[in-house]
Amino acid sequence: MSDQEYLQSVLGDQTLTDDSDELKTLRTRRADVESLLRSAFPGKKFSFRYGGSMAKGTLIREQYDLDLIFYVHADEVGCGDTLEDIYNNVAAALGSGYQVRRKTSALRLLGSGVASKGQDFHIDVVPGRFTDGSQKDCYLHQTTGEKSRLKTNLDVHIEHVRGCGVIDAVRLLKLIRVRRAIPVKQFIWELMNIDALNAFKRRGLPEQVEIALRAIADAEVPPNVEDPANPKGNDLSGAVSDAWLEMKAATKSVIRQVDAKGWTAVLGPVSERNEAIRSAVVKTAVAATSAPAKAWWRD
Amino acid sequence: MLDDLRADIEAALDDKYCELRHTAFNGHEVVVGSFPIWHENVLIDRFQIEISLGETYPTIPPTLVETGNRIPRIDERHNSDRGACLFVPIEWMMRRPNLKFLTFLDGPVREYFLAQKYYEQNGEWPFSSRSHGEAGRREALCDLAGIQVQNWSALSDILEGPEPKGHWRCPCGNGKRLRTCHGREISELFRRLSKFSSLEREALGCPTSNASFLSRRV
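The listed protein sequences derive, respectively, from chains U and B. Quick note on numbering: our numbering labels position 12 of the first sequence as 12, and the sequence is numbered without any gaps. In our numbering, each number is its position in the second sequence, counted from 1, plus 1000.
Structural data, given as structure tokens:
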């Protein structure tokens, strides 16, 4: 199998079809969240939009997320006077059904039930407000950073990724970032990768991925990364520099492994997908485990 | 010593776990990334993890956190906000004298995630486990000493005092002297524990030595 074929097989394994259990569950939860927010803000003017990897086409099995965008219309104050009020009110409404983890601008939903406590539901709710009646640009509240308000445009971000021409490489690089736990936001990692591959859209997958990795590994200084939705107003340099040393170390390590042992050493084989086989192998593996450590709940 | 630790970690990752990455955070060695579960050349699944090796490693075992939030933070899944409930620390330290990092990955870490897969499929934990909290700690120490847990108090008295003597009554309660009963196991446990500082013993959940304890039962 060539490197191209191997990487394509890895991508195929990471692809979730519409009828997959993961996406069915995600759609059900999305409907639940929308219902919860409609109940919390009856009669108010807002729109739901969908972002994240689902909208951009970069979804991978090992990290799939739905960004459920909750944008209040520019002239609506019933969901909160300020962006911070909107953010807090949405968090409070979601708290009635979920454990809510507050992020810089988004609200991550986790399980709060007895059997699902702390379990990730792969949904970020992003509260914001349209800047005007055109409903294109919007403002988001920021809980950290120098500015408490961020201006952005969801459609620009989605189109920037969907139209980049190197989606497969972007997805593989996402997988590498996830597997190696490289501590940089996916949004920024994606922008860096797309920038690095701008002149190499016709190259094969193995070459594209290596080019993007070397663009970080071999760089003397962090690159200038622009937010396509707000290049002048949204400064990403801090987020890049914070993760720069880890990014360099991780990408160098991956390149070293590719050079020494090939791509299979970096991404490994695909997991067994047949549930019956997997279940049987798990049972065999458990039976073959001699003197396992006895788990202990310390609390 | 730090160089030896780092070399040990790198050797483990190079050998079998190349999807894990070694880094440092707040002065501690940390291993992050994707942990694969294999059996007989079949890749069962992967979990995102973070393993922290504190300043007192290997005296105090590493801590493991499943960072992908796939596993609920509940006691049935032996998973809490403070991480995976792998073992009573002192029990693992005593039973696994080879403290290579690879041993930790191949042993408790793999067993933990294999058990999680089994739980997902069958709704029950496949391996035996300890009671929660202090009761579990006592079970572990009594097991190491080879005695029943209802004799914990007598064992605790011995472990907190000076070096046990062969003529003392065995804490198992059958009336024999240590030298003809569980003396070997208890002396070994005492000897291993005495190498830890008070703080380490406290962190491991063991009785701390009591230098002022004088009276011994005969």
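Just so it is clear, CB atoms sit at the ideal spot from N, CA and C, and this is done for glycine as well.
Determine the direct distance from the alpha carbon of Val1088 of chain B to that of Gly1107 of chain B, and round the result to whole angstroms.
Translated into the one-based positions of the second sequence, residue 1107 of chain B becomes position 107. Translated into the one-based positions of the second sequence, residue 1088 of chain B becomes position 88. Taking the straight line joining both Cα atoms gives about 14 Å.
What residues from chain B crowd round Thr284 of chain U, counting only those whose CB sits closer than 8 Å?
Here residue 284 of chain U is taken as the residue at index 284 of the first sequence, counted from 1. Result: His1039 and Glu1040.
Using a cut-off of 7 Å between C-beta atoms, extract the partners of Ala250 of chain U located in chain B.
Taking the first sequence and counting its residues from 1, the one referred to as residue 250 of chain U is at position 250. Arg1021, listed in chain order.
Taking all protein chains shown into account, decide if Thr152 of chain U is buried (16 or more other Cβ within 10 angstroms of its Cβ) or exposed.
Along the first sequence, read from residue 1 onward, the residue named residue 152 of chain U stands at position 152. Buried, since its Cβ has 16 or more Cβ neighbours within 10 Å.
Anything in chain U within Cβ reach of Glu1055 of chain B, meaning under 9 Å, just list it in chain order.
Taking the second sequence and counting its residues from 1, the one referred to as residue 1055 of chain B is at position 55. Going along chain U, no residue has its Cβ under 9 Å from Glu1055 of chain B, so there is no contact; the nearest lies around 20 Å.
Which parts of the stretch 1009-1062 of chain B are runs of the beta strand (DSSP E), unbroken and 3 residues or longer, counting only runs that do not cross its ends?
1020-1025, 1028-1039 and 1042-1053
Is the CB of Thr289 of chain U under 8 Å away from at least one CB in chain B?
On the first sequence, position 289 is the one that residue 289 of chain U refers to. By this cut-off, Thr289 of chain U is an interface position.
Does Trp263 of chain U have its Cβ less than 8 Å from a Cβ in chain B?
The count along the first sequence starts at 1 and reaches residue 263 of chain U at position 263. Chain B, which has no Cβ nearer than 8 Å to the Cβ of Trp263 of chain U, makes this no.
Beta-carbon within less than 8 Å of Asp124 of chain U's beta-carbon, same chain only, minus the 5 sequence neighbours each way: which residues are those?
Reading the first sequence from its first residue, position 124 is the one you call residue 124 of chain U. Counting only Cβ-Cβ distances below 8 Å, and skipping sequence neighbours, we find Gly52, Asp65, Leu66, Asp67, Leu68, Lys103, Ala106, Leu107, Arg108 and Leu109.
If you follow the alpha helix (DSSP H) that Pro1089 of chain B is in, where does it begin and where does it stop?
Translated into positions along the second sequence, residue 1089 of chain B becomes position 89. Segment Pro1089 to Arg1095, the alpha helix (DSSP H) holding Pro1089 of chain B.
C-beta neighbour in chain U for Ser1034 of chain B, strict 8 Å:
Reading the second sequence from its first residue, position 34 is the one you call residue 1034 of chain B. Yes, its Cβ sits closer than 8 Å to a Cβ of chain U.
Does the Cβ of His141 of chain U have 16 or more other Cβ atoms within 10 Å, making it buried, or fewer, making it exposed?
Residue numbering aside, residue 141 of chain U sits at position 141 when the first sequence is read from its first letter. With 16 or more other Cβ atoms within 10 Å, it is buried.
Reducing DSSP to helix, strand and coil, say where Gln119 of chain U ends up.
By 1-based counting over the first sequence, the position of residue 119 of chain U is 119. Three-state DSSP puts Gln119 of chain U in coil, outside helix and strand.
Just to confirm my understanding: we take Arg1137 of chain B, look at its own chain, exclude 5 residues before and 5 after, and list those with CB closer than 7 Å. What are they?
Counting from one through the second sequence, the residue named residue 1137 of chain B turns up at place 137. Sequence-distant Cβ neighbours of Arg1137 of chain B in its own chain, meaning closer than 7 Å and more than five residues away, are Val1088 and Gly1205.
Determine, using beta carbons only, whether Ser112 of chain U comes closer than 8 Å to chain B.
In the first sequence, counting from the first residue as 1, residue 112 of chain U sits at position 112. It does not; no Cβ of chain B falls within 8 Å.
Alpha carbon of Glu1076 of chain B to alpha carbon of Lys1117 of chain B, nearest angstrom:
Residue numbering aside, residue 1076 of chain B sits at position 76 when the second sequence is read from its first letter. Residue numbering aside, residue 1117 of chain B sits at position 117 when the second sequence is read from its first letter. Rounded to whole angstroms, Glu1076 of chain B to Lys1117 of chain B spans 13 Å at the Cα level.
Regarding Thr82 of chain U and the ligand GTP, is the C-beta to nearest heavy atom distance less than 7 Å?
Looking for the ligand GTP in the displayed structure turns up nothing, as the structure carries no ligands at all.
Note down the Cα distance separating Thr25 of chain U from Ser96 of chain U, rounded to an integer number of angstroms.
Counted from its first residue, the first sequence places residue 25 of chain U at position 25. Counted from its first residue, the first sequence places residue 96 of chain U at position 96. If you take the alpha carbons of Thr25 of chain U and Ser96 of chain U, they lie about 20 Å apart.
Looking only at C-alpha atoms, which of U:Leu16, U:Gly78, U:Met192 and U:Gly133 sits nearest to Trp244 of chain U?
The sequence position of residue 244 of chain U within the first sequence is 244, counting from 1. For the residues U:Leu16, U:Gly78, U:Met192 and U:Gly133, the minimum Cα distance to Trp244 of chain U belongs to U:Met192.
For Pro1061 of chain B, go through chain U and note every residue whose CB falls closer than 9 Å to its CB, in chain order.
Mapped onto the second sequence, residue 1061 of chain B falls at position 61. Here the premise fails: no neighbours, minimum Cβ distance about 10 Å.
Please confirm whether Gly57 of chain U has its beta-carbon closer than 8 Å to some beta-carbon of chain B.
One-based indexing of the first sequence puts residue 57 of chain U at position 57. False, the Cβ-Cβ gap to chain B never drops below 8 Å.
With 8 Å set as the bound, which would you pick, yes or no: does the beta-carbon of Asn1026 of chain B sit closer than that to a beta-carbon of chain U?
One-based indexing of the second sequence puts residue 1026 of chain B at position 26. False, the Cβ-Cβ gap to chain U never drops below 8 Å.
Gly1146 of chain B at chain U interface by Cβ criterion, 8 Å:
In the second sequence, residue 1146 of chain B corresponds to position 146, counting from 1. Not an interface residue.
Residues near Glu22 of chain U in its chain [Cβ-Cβ closer than 6 Å; skip 5 each side]:
In the first sequence, counting from the first residue as 1, residue 22 of chain U sits at position 22. Contacts found: Leu16.
When DSSP labels each residue in this structure, what does Cys138 of chain U get in the three-state scheme?
Sequence index remark: in the first sequence, residue 138 of chain U carries index 138 (1-based). Three-state result, Cys138 of chain U: strand.
Where His1167 of chain B falls, given that 16 or more other Cβ within 10 Å makes a residue buried
Here residue 1167 of chain B is taken as the residue at index 167 of the second sequence, counted from 1. Around the beta carbon of His1167 of chain B, fewer than 16 other beta carbons lie within 10 angstroms, which makes this residue exposed.
Extent of the continuous alpha helix (DSSP H) run through Arg27 of chain U
By 1-based counting over the first sequence, the position of residue 27 of chain U is 27. Per DSSP, Arg27 of chain U belongs to the alpha helix (DSSP H) from Asp21 to Ala40.
Considering Gly312 of chain U, what are the terminal residues of the alpha helix (DSSP H) in which it resides?
Past the edges of chain U, shown from 1 to 299, lies residue 312 of chain U, and the structure says nothing about it.
Can you give the Cα-Cα distance for Glu950 of chain B and Asp1081 of chain B, rounded to whole angstroms?
Outside the displayed span of chain B (1001 to 1218) sits residue 950 of chain B, for which this structure offers no information.
Leaving out five residues on either side along the sequence, give the residues of the same chain with a beta carbon under 7 Å from the beta carbon of Leu1043 of chain B.
For the purposes of this step, residue 1043 of chain B is taken as residue 43 along the second sequence, with counting starting at 1. If we look at Leu1043 of chain B and ignore the five residues flanking it on each side, its Cβ neighbours are Pro1036.
Cβ neighbours of Arg1177 of chain B in the same chain (closer than 6 Å, five flanking residues each side left out):
Position 177 of the second sequence, counted from the start, is the residue given in the question as residue 1177 of chain B. Counting only Cβ-Cβ distances below 6 Å, and skipping sequence neighbours, we find His1167.
Between Gly118 of chain U and chain B, is any beta-carbon pair separated by less than 8 Å?
Counting from one through the first sequence, the residue named residue 118 of chain U turns up at place 118. For Gly118 of chain U, the answer is yes, since a Cβ of chain B falls inside 8 Å of its Cβ.
If we cut at 8 Å on Cβ distances, does Glu246 of chain U have a partner in chain B?
Counted from its first residue, the first sequence places residue 246 of chain U at position 246. With 8 Å as the cut-off, Glu246 of chain U counts as an interface residue toward chain B.
By the three-class DSSP mapping on this structure, what secondary structure does Phe1101 of chain B have?
For the purposes of this step, residue 1101 of chain B is identified with residue 101 of the second sequence, where counting begins at 1. Looking at Phe1101 of chain B - three-state DSSP - the assignment turns out to be helix.
Candidates B:Glu1120, B:Val1031 and B:Leu1144: which alpha carbon is nearest Pro1072 of chain B's?
Position 72 of the second sequence, counted from the start, is the residue given in the question as residue 1072 of chain B. With distances taken between Cα atoms, Pro1072 of chain B lies closest to B:Glu1120.
Sheet register partners of Arg1169 of chain B (DSSP bridge):
Mapped onto the second sequence, residue 1169 of chain B falls at position 169. Arg1169 of chain B pairs with B:Arg1177.
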